Every structure is written in C-alpha cells, then in structure tokens.
Amino acid sequence: MGKHTTSLVPLRAIYGKRKSLSQIVSDTRRLSDLQWFWREYPSQSRCVRVEASEETRRDRGWEFTTGIDDAESECGLDQGVDFDWIIKNEGDGSQLEEQLATGLLSIAKEKAKED
72 MGKHTTSLVP LRAIYGKRKS LSQIVSDTRR LSDLQWFWRE YPSQSRCVRV
122 EASEETRRDR GWEFTTGIDD AESECGLDQG VDFDWIIKNE GDGSQLEEQL
172 ATGLLSIAKE KAKED
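Our numbering numbers the first residue of the sequence shown as 72 and each following residue consecutively.
Structure, rendered in structure tokens:
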C-alpha cells in the first residue's frame with residue numbers, strides 16, 4: 072500500500088457507494104483526501120476552507136502544541152491547495168453571515184447554470 076492509501080479506505084467505504092447529489096464532508100486533513108474527491112467526483116467537488124488568525128484562535132483557548140499543530144493532519148492543507156472558497160471566521164457574526172450568503176449564492180447560481 073502507498074503512503075496514504077490506508078487513509079483512503081474509509082473514504083471509499085463511506086462515499087464511494089453514495090448516490091445522493093449533495094454531500095458535505097466537514098473535515099479533510101490531508102491532500103490525499105482531497106485528491107480522492109477530486110478524482111472520484113471531479114465536477115461535483117468544491118473545496119472550502121474556514122480559517123481564523125492565530126490571535127483569534129488563542130482568544131478561543133487554542134495553544135500551539137509541538138507534534139500536533141505542526142503535523143500533516145493539522146497543516147498539510149496550508150499550502151498547495153486551490154480552494155474554491157475561503158471563509159474567514161474571526162468572530163464577527165455579520166462578516167461571517169455575509170461571506171456565507173455570498174458563497175451560497177454563487178453555488179446556487181453555478182448549480183442553476185448546470186440545470
């Protein structure tokens with residue numbers, strides 16, 4: 072098995088047989104996970120990143136832990152991924168709502184063009 076093959080086994084088991092048109096995968100941690108979705112569902116996949124500054128994260132109680140926060144599972148997607156949508160979650164509810172509304176509207180418009 073390849074370096075990341077074992078992590079793909081659950082993806083195949085969970086998503087490989089689904090027939091629904093829409094699915095939300097709320098947490099991918101490795102590039103190999105994203106690559107699987109892009110390969111299996113090339114026209115349906117959208118990649119969304121939700122991020123907050125380190126200051127905001129510290130205000131929420133986060134503390135950097137060596138060996139955890141610098142591992143691939145935490146920072147493997149920080150570079151080299153062309154996200155379709157990046158959401159800034161800095162604690163401003165109105166800003167977050169505006170981003171969500173704008174993003175959802177663009178997805179709805181995209182879907183309408185397909186139909």
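C-beta atoms are modelled at their ideal positions from N, C-alpha and C, and glycine is treated no differently. Only a predicted model underlies this, so the values are computations on that prediction, with no experimental measurement involved.
- [ ] Leaving aside the five residues before and after Gly-147 along the sequence, list all residues of the same chain whose C-beta is less than 7 Å from its C-beta, in chain order.
- [x] Listed in chain order, the non-local C-beta contacts of Gly-147 below 7 Å within the same chain comprise Arg-100, Arg-101, Leu-102, local neighbours out to five positions each way being set aside.
- Task: Examine the Cβ distances between the region 129-146 and the region 103-113 and report whether three or more of them are shorter than 8 Å.
- Result: A contact between stretches requires three or more CB pairs, one per stretch, nearer than 8 Å, and the region 129-146 fails this requirement with the region 103-113.
Check: Roughly how far, in whole angstroms, is the beta-carbon of Ile-178 from the beta-carbon of Glu-122, given that I think they are within contact range, below 8 Å?
Finding: In fact, because the Cβ distance is near 19 Å, the residues do not count as touching under 8 Å.
Please confirm whether Val-119 has its beta-carbon closer than 7 Å to some beta-carbon of chain C.
Among the chains in the structure shown there is no chain C, since it carries only a single protein chain.
**Message:** With a threshold of 8 Å on Cβ separation, who are the neighbours of Tyr-117 within its own chain once the five nearest residues in sequence on each side are excluded?
**Reply:** Residue identity check: residue 117 is Arg in the sequence provided, not Tyr. Excluding residues within five positions, the ones whose Cβ falls inside 8 Å are Asp-155, Trp-156, Ile-178.
Exercise for the section: Could I get the ranges of all uninterrupted beta strand (DSSP E) runs contained in the region 95-180, with 3 residues as the minimum, in chain order? Expected result: With a minimum length of 3 residues, the unbroken runs of beta strand (DSSP E) contained wholly in the region 95-180 fall at 119-122, 156-159.
Close Cβ partners of Val-152 (< 8 Å) along its chain, the five nearest in sequence each way excluded:
Around Val-152: Leu-102, Leu-105, Cys-118, Arg-120.
* **Thr-161 versus Gly-138: straight-line alpha-carbon distance, rounded** => One detail in the question is off: residue 161 reads as Glu in this sequence, not Thr. Going by the C-alpha atoms only, they are around 25 Å apart.
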